[in-house]
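Visitor:
Residue numbers (my numbering): 25 to 167.
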């Protein structure tokens with residue numbers, strides 16, 4: 025069984041004995057690990073210790089202020105500043121083009137904050153592990 029959110033995996037695994045529960049991002053990363061890299065990307069990540077190696081992806085660890093809480097359309101000014109600081113810190117790293125989001129909620133929050141008219145343009149693009157793995161696989165197929 026595949027799950028989209030990493031936090032759900034242990035809960036489902038404990039509730040479904042005998043069923044293998046896998047985080048979708050991890051599954052796609054395993055598939056991508058078997059292909060030859062076509063291009064390379066530097067990706068800012070808050071914690072690279074749990075991340076699988078992906079061909080052509082260089083994990084660049086940085087220590088952002090990670091905003092707390094769940095996805096919301098209404099954020100306090102302090103939380104908005106924390107999200108903006110995370111993008112600014114990633115943008116300051118030479119050669120980094122993407123910032124890894126830990127879960128779909130983080131990705132949606134960052135994309136909402138980056139929407140046109142809401143914040144200045146940023147050269148750093150939020151991305152999930154699943155999206156990176158798909159880019160690696162697609163690049164190998166196109167190459």
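Ideal Cβ placement from N, Cα and C applies to all residues, glycine included.
1. Here's the rule: buried if 16 or more other CB atoms are within 10 angstroms of the residue's CB, otherwise exposed. What is residue 39?
2. For my contact list, residue 254 and residue 37 are in at a C-beta cut-off of 8 Å; report their separation, rounded to the angstrom.
3. Between which two residues does the alpha helix (DSSP H) holding residue 112 run?
4. Check residue 128 in the structure and name its three-state DSSP category.
5. With C-beta atoms as the reference, is residue 53 less than 8 Å away from residue 153?
6. Evaluate the contact criterion for the segment 115 to 125 versus the segment 97 to 107: three or more CB pairs, one atom per stretch, below 8 Å.
7. Measuring only the C-alpha atoms, how far is residue 127 from residue 87?
8. So if DSSP puts residue 85 in a beta bridge, which residue, or which two residues, is it bridged to?
9. Which one of 147, 91 and 78 has the shortest CA to CA distance from residue 161?
10. With a threshold of 16 other CB atoms inside 10 Å of the CB of residue 55, please say whether the residue is buried or exposed.
11. Between residue 148 and residue 159, what straight-line distance do the alpha-carbon atoms span, to the nearest angstrom?
12. In the DSSP output, what is residue 149 paired with across the bridge?
Guide: Put simply:
1. Counting the other CB atoms within 10 Å of its CB gives residue 39 a total below 16, which places it among the exposed residues.
2. An answer regarding residue 254 cannot be provided, because it is not within the stretch 25 to 167 covered by the chain.
3. Unbroken alpha helix (DSSP H) run through residue 112: 101 to 115.
4. In the structure shown, residue 128 sits in a helix (DSSP, three-state: H, G or I).
5. Contact annotation: residue 53 and residue 153 have beta-carbon atoms nearer than 8 Å.
6. No contact exists between the segment 115 to 125 and the segment 97 to 107.
7. C-alpha of residue 127 to C-alpha of residue 87: approximately 17 Å in a straight line.
8. According to DSSP, residue 85 bridges with 69.
9. Looking only at 147, 91 and 78, the smallest Cα-Cα distance to residue 161 is reached by 78.
10. Exposed is the call here.
11. Their Cα atoms are separated by approximately 16 Å.
12. Under the DSSP definition of a beta bridge, residue 149 partners with 122.
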